[in-house]
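Chains as they are written, first to last, in the numbering used here: chain A, 313 to 581; chain B, 835 to 1178.
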């Protein structure tokens, strides 16, 4: 397994971040931190502010109160390029309008590393090749991003983030709109990236993904942190009820290759 | 992996080959265009006339042939090539900027502004050259207004630009209609109407020299930015997350594409469809990477415009305005593309 060498061992810490659109508060004093090798899953109902939180970290929403630090640097003081060297973003699945090949798309991840008028050179092309290989999609290199499956496209976007050579990967619902098999493949791939040294922050609608792949879970409700901790401690029947308003039981299925946690809704709500 | 490399190399070589072929097409169209017209010039005479400027050759052609080639056909063929290339490049870049392949070079009001300027210039009895210059300035002014409107829109800069473009275009279009209303129906009105249809029949060397500067500068900068243009198609937020601040890039691209569009319209009038159809065709041939699509669009656009201009001056005894012909060829072709894509 390839080990990702962290350029820094800096911790990403979000401290009391609040954000609102006009007079409508979205995030209220959200705090958490993320270290290398962490795989932190964000859970919470639609509209709870998961995407808004990502946009604050990425510097797209600048009008937040509170601070976000990387090591001892405030993210507000970093330029777009400096930020991209540390944090990469993998957007939600969408059907692309322009049918770039997978290689061309991944190569774009290297854009921050060279100047306005230059084209990618040998080093950037090699970085793109390595990233594609790492995601196991070398056979798709020359295929159009518009023609491959949703899961393959998600892997290509992750490869682009790897080519960007950042330490932290932010993923906004990477498994949304993927079929069952692709969801599992993408989650396993992400989980192995965390083991290789990347720090991962991922939002998902599926608590089972959080329970089985992440090592930490953060549950948001009404823009506030409802609970945080390891999969064993952060999520239980009561928390899921408060977050989603449904009654589910969490069962552990023991198998020869380990255990798997499943959420089963009560038959009579 | 070895096999993979092979495939990629081939596709890259394939693109280079396609662009070379387009280059040959361009040269053939360019030279061929000198031979067509009411005054017959043979290929041998053309060769002699063109080469005589470089090396001394005993003239075996008539002086009339030489005048036709240099004074009439050269400015015409050059301007057709320039406008075709310019409008295609501008269209291609606007399409990437707006992440929408259905966008054409007039999206930000450059055409409507330039059209208004020309109509007003004709109404006020400007000289031909001043009409072009005034039209160019109005084209730039229209886009500047759109930029001002967009900068006041808080939600998204792209939405501001699109809506601003629609509004400002519409304002200038109604301005054109008003000028037509008050213009003298015996001479000024037909002149305005004919100008708006788009034509190269009155073009002279000095108009060409006037337009070649903004079009040349615009295309040159866009060519330098060719790889960066790909990043624009990702949209502002995604581009930002990979470390590219698109704001500056966006302004530069808008400025270049606007210089090109306004200059094209100011010397030729409204010529539609080229800036929309040629980029599609270029993408079908060489893929999406701007490093290949931009040169392909330039060459293909220039060739296409020279061909259409040849049709415009040879089909009938009276010239058919270019704008009519490009729509006549462009619209059905676009329909064909649409139906073909639906099948996929």
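The C-beta atom is built at its ideal place from N, Cα and C for all residues, glycine as well.
Here the structure is a predicted model, which is why all the values come from computation and not from measurement.
Other residues of its chain near residue 527 of chain A: CB distance less than 6 Å, five sequence neighbours each side excluded: 351, listed in sequence order.
Within-9 Å CB hit, residue 852 of chain B to chain A: No, no contact with chain A.
message: Suppose you measure from the CA of residue 835 of chain B to the CA of residue 448 of chain A; what does that come to, to the nearest Å?
response: For residue 835 of chain B, the predicted model reports a pLDDT of 36, less than 50, meaning its position is unreliable and no value from the coordinates is stated.
message: Quick check on residue 1182 of chain B - is its C-beta less than 9 Å from some C-beta in chain A?
response: What the structure shows of chain B is the stretch from 835 to 1178, and residue 1182 of chain B is not part of that stretch, so it cannot be assessed.
- prompt: So with Cβ pairs under 9 Å, would you call residue 1122 of chain B a contact of chain A?
  reply: Chain A has a Cβ within less than 9 Å of the Cβ of residue 1122 of chain B.
query: Who are the near neighbours of residue 1168 of chain B in its chain, counting only those whose CB is closer than 8 Å to its CB and skipping five residues on each side?
result: Closer than 8 Å at Cβ, skipping near neighbours: 1107, 1110, 1111, 1114.
- prompt: Cα separation between residue 1081 of chain B and residue 559 of chain A?
  reply: Going by the C-alpha atoms only, they are around 48 Å apart.
task: Would you verify that the beta carbon of residue 1144 of chain B is, or is not, closer than 9 Å to some beta carbon of chain A?
output: Not a single C-beta of chain A is nearer than 9 Å to the C-beta of residue 1144 of chain B.
message: With a threshold of 8 Å on Cβ separation, who are the neighbours of residue 842 of chain B within its own chain once the five nearest residues in sequence on each side are excluded?
response: Confidence in residue 842 of chain B is poor, its pLDDT being 47 and thus under 50, which makes the residue's placement unreliable; the coordinate value appears in the next sentence. Once the five neighbours on either side are set aside, residue 842 of chain B has no close Cβ partner at all.
task: Look at residue 1147 of chain B and residue 918 of chain B and say whether their C-beta atoms are less than 9 Å apart.
output: Their beta carbons are not under 9 Å apart, which means residue 1147 of chain B does not touch residue 918 of chain B by this criterion.
query: Would the beta-carbon of residue 1140 of chain B fall within 9 Å of that of residue 1031 of chain B?
result: Contact annotation: residue 1140 of chain B and residue 1031 of chain B have beta-carbon atoms that are not nearer than 9 Å.
Neighbourhood of residue 1164 of chain B by C-beta, 8 Å cutoff - its chain only, sequence neighbours within 5 removed: Cβ neighbours of residue 1164 of chain B beyond the five flanking positions: 1106, 1107, 1108, 1110, 1111.
Burial state of residue 280 of chain A (16 or more Cβ within 10 Å): Beyond the ends of chain A as shown, which are 313 and 581, falls residue 280 of chain A; an answer cannot be given.
message: What would DSSP say about residue 558 of chain A, mapped onto helix, strand or coil?
response: Three-state DSSP puts residue 558 of chain A in coil, outside helix and strand.
field: Contact set for residue 1007 of chain B: own chain, Cβ-Cβ below 6 Å, skip 5 residues either direction
entry: Residues 946 of the same chain have their beta carbon placed closer than 6 Å to that of residue 1007 of chain B, with the five preceding and five following residues left out of the count.
message: Using a 10 Å radius around the Cβ and a threshold of 16 neighbouring Cβ atoms, would you call residue 398 of chain A buried or exposed?
response: Residue 398 of chain A should be labelled buried.
message: Residues of the stretch 369 to 392 of chain A in Cβ contact with chain B at a cutoff of 9 Å, in chain order, please.
response: Going along the stretch 369 to 392 of chain A in chain order, one finds 370, 371, 372, 391, 392 with a Cβ nearer than 9 Å to chain B.
- prompt: What residue from A:412, A:420, A:416 has the CA that sits closest to residue 400 of chain A's CA?
  reply: Of the residues A:412, A:420, A:416, the one whose Cα lies closest to the Cα of residue 400 of chain A is A:420.
Inter-stretch contact at 8 Å, needing at least 3 Cβ pairs: the stretch 1049 to 1065 of chain B / the stretch 1120 to 1129 of chain B: At 8 Å Cβ cutoff, the stretches touch.
- prompt: Using a beta-carbon distance cut-off of less than 7 Å, what residues from the stretch 475 to 496 of chain A approach chain C?
  reply: Here chain C cannot be found, since the structure's protein chains are A and B.
query: What is the residue span of the alpha helix (DSSP H) that residue 1070 of chain B lies within?
result: Segment 1070 to 1075, the alpha helix (DSSP H) holding residue 1070 of chain B.
query: Which one of A:380, A:375, A:355 has the shortest CA to CA distance from residue 328 of chain A?
result: Comparing alpha-carbon positions, the option among A:380, A:375, A:355 lying closest to residue 328 of chain A turns out to be A:380.
query: Any idea if residue 465 of chain A is buried or exposed, counting beta-carbon neighbours within 10 angstroms, 16 or more meaning buried?
result: The C-beta of residue 465 of chain A has 16 or more other C-beta atoms within 10 Å across all chains shown, which makes the residue buried.
- prompt: First and last residue of the alpha helix (DSSP H) that includes residue 1118 of chain B?
  reply: Taken as a continuous stretch (DSSP letters only), the alpha helix (DSSP H) holding residue 1118 of chain B covers 1108 to 1120.
- request: For the alpha helix (DSSP H) containing residue 918 of chain B, list its first residue and its last residue.
  value: Residue 918 of chain B -> alpha helix (DSSP H) spans 908 to 931.
query: Name the chain B residues that come within less than 9 Å of residue 416 of chain A, Cβ to Cβ?
result: Chain B residues near residue 416 of chain A: 1064, 1121, 1122, 1123.
- prompt: By the 10 Å Cβ neighbour count, where 16 or more other Cβ atoms means buried, how is residue 432 of chain A classified, buried or exposed?
  reply: Buried, by the Cβ-count rule.
- request: Could you tell me if residue 550 of chain A is buried or exposed, where buried requires 16 or more neighbouring beta carbons within 10 angstroms of its beta carbon?
  value: So residue 550 of chain A ends up on the exposed side.
- prompt: Between residue 1048 of chain B and residue 1097 of chain B, which are expected to be in contact by the criterion C-beta below 8 Å, what is the C-beta distance as a whole number of angstroms?
  reply: Sure, about 4 Å apart at Cβ, within 8 Å.
task: List the residues of chain B whose Cβ lies closer than 8 Å to the Cβ of residue 405 of chain A, in chain order.
output: Correct list: empty, because the minimum Cβ distance to chain B is about 13 Å.
query: What are the partner residues of residue 483 of chain A, as DSSP defines its beta bridges?
result: The partner list for residue 483 of chain A (beta bridge, DSSP) reads A:402, A:514.
- prompt: With distances taken from CA atoms, which of A:451, A:369, A:444, A:507 is nearest residue 389 of chain A?
  reply: The option with the nearest alpha carbon to residue 389 of chain A is A:369.
message: For residue 339 of chain A and residue 330 of chain A, which I take to be in contact (beta-carbon distance under 8 Å), what is that distance rounded to the nearest angstrom?
response: Right, the Cβ-Cβ distance comes to about 6 Å (below 8 Å), so this counts as a contact.
field: Whether residue 965 of chain B touches residue 1022 of chain B by CB criterion (9 Å)
entry: Result no, Cβ atoms of residue 965 of chain B and residue 1022 of chain B do not sit closer than 9 Å.
Three CB pairs or more closer than 8 Å across the stretch 1147 to 1160 of chain B and the stretch 933 to 948 of chain B: The stretch 1147 to 1160 of chain B is not in contact with the stretch 933 to 948 of chain B.
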